[in-house]
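Report on one structure; see the data block that follows.
Numbering (this note's numbering), first residue to last: 477 to 613.
Right, here's the structure in full:
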């Protein structure tokens, strides 16, 4: 009997208020529990990325990352694939993939550069509630 596929993992900047808001959004809309989460600053997040041959400096995370079926997506591609995976009307986000990736990623990087100024940051990563703890690495 084949083993069930591992859930997709979303890596996020654990001290960024925008990123934490995005994680909360995904949790609210992911009734199937398809996604699990790891802060880029966490040991578990860094270890999982290292196992994929990736190293993101914990002091300077710039992107939401999505690990899906052994493939790592970043920037706008990660966000669009996450939205598509939520199902329902969120699948329409895939239309944005028709735009050139360079343009999508430039817009993504612009927001990423200003996210702390616009949305603020925390001193430490968020702690999940006991009900959600199993979905966080």
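A virtual CB, placed ideally from N, CA and C, is assigned to each residue, including glycine.
Should residue i go down as buried or exposed, given a rule of 16 or more other Cβ atoms within 10 Å for buried?
i: residue 544; result: buried
i: residue 575; result: exposed
i: residue 494; result: buried
Hey, how far is the Cα of residue i from the Cα of residue j?
i: residue 498; j: residue 567; result: 16 Å
i: residue 496; j: residue 546; result: 24 Å
i: residue 482; j: residue 525; result: 15 Å
i: residue 488; j: residue 571; result: 23 Å
i: residue 552; j: residue 502; result: 15 Å
i: residue 507; j: residue 485; result: 15 Å
i: residue 562; j: residue 511; result: 9 Å
i: residue 565; j: residue 500; result: 18 Å
i: residue 518; j: residue 558; result: 21 Å
Return the bridge partner residues of residue i from the DSSP annotation.
i: residue 492; result: 597
Here's a check: name, in chain order, each residue in its chain whose Cβ is nearer than 8 Å to the Cβ of residue i, leaving out the five neighbours to either side.
i: residue 477; result: Note on residue 477: pLDDT 38, under 50, position unreliable in the model; no value is reported.
Take residue i and list the residues in its own chain whose beta-carbon comes closer than 7 Å to its own, dropping the five residues that flank it on each side.
i: residue 573; result: 556
- In chain order, which beta strand (DSSP E) runs of at least 3 residues are fully inside the region 529 to 584? 541 to 544, 547 to 550
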